[in-house]
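Student: My questions will all concern the structure given below.
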Amino acid sequence: MIIGLHHIQITIPKGAEEQGKDFYCRVLGLKEIEKPDSLKGRGGFWLQVGAQEVHVGTEEGFDRFTTKAHLAYQVEDVSHWRKVLKEKNIKILDSVPIPNYERFEFRDPFGNRVEMIQGI
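For the sequence shown, the positions run 1 to 120 when the UniProt record's numbering is used.
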């Protein structure tokens with residue numbers, strides 16, 4: 001029986017950890033958490049998002065701009081995040097409307113597709 005979602009992983013290019021931390025920790029305000037010692041040599045970093053974790057790994061040879069795979073962050077004020085990201089010159093992409101939600105998408109600095117979603 002599957003009882004929940006523990007973590008998801010996205011990737012960034014090797015050597016881009018500081019740029020990744022700048023975006024995910026300083027722009028989005030997510031908290032970095034310590035990786036186990038056994039995994040520290042592999043690059044990347046981990047984040048806490050509510051009760052779940054986002055593992056940011058490193059990977060070469062992959063065009064992140066070509067995939068529909070994405071993270072969707074549930075937020076309390078989607079308009080706030082639209083404003084914050086526009087101020088950081090992040091291109092906002094409108095999403096196909098779905099009932100009872102307001103949402104938008106963007107690509108992080110590495111090409112990963114990201115969605116901000118708020119129940120209405």
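Every residue, glycine too, gets a C-beta built ideally from N, C-alpha and C.
Helix, strand or coil for A5, going by three-state DSSP, please let me know.
Tutor: The sequence as given places Leu at residue 5; Ala does not occur at that position. The answer is coil: DSSP assigns L5 none of H, G, I, E or B.
Student: Would you decide whether D77 is buried or exposed? Buried here means 16 or more other CB atoms lie within 10 Å of its CB.
Tutor: exposed
Student: Tell me the DSSP secondary structure of F45 in three-state form.
Tutor: strand
Student: To the nearest angstrom, how far is the alpha carbon of I98 from that of E32?
Tutor: 31 angstroms
Student: Measuring straight from C-alpha to C-alpha, what distance separates E87 and H80?
Tutor: 11 angstroms
Student: Can you tell which of H6, M1, Q74, T58 has the C-alpha that lies nearest to the C-alpha of N112?
Tutor: T58
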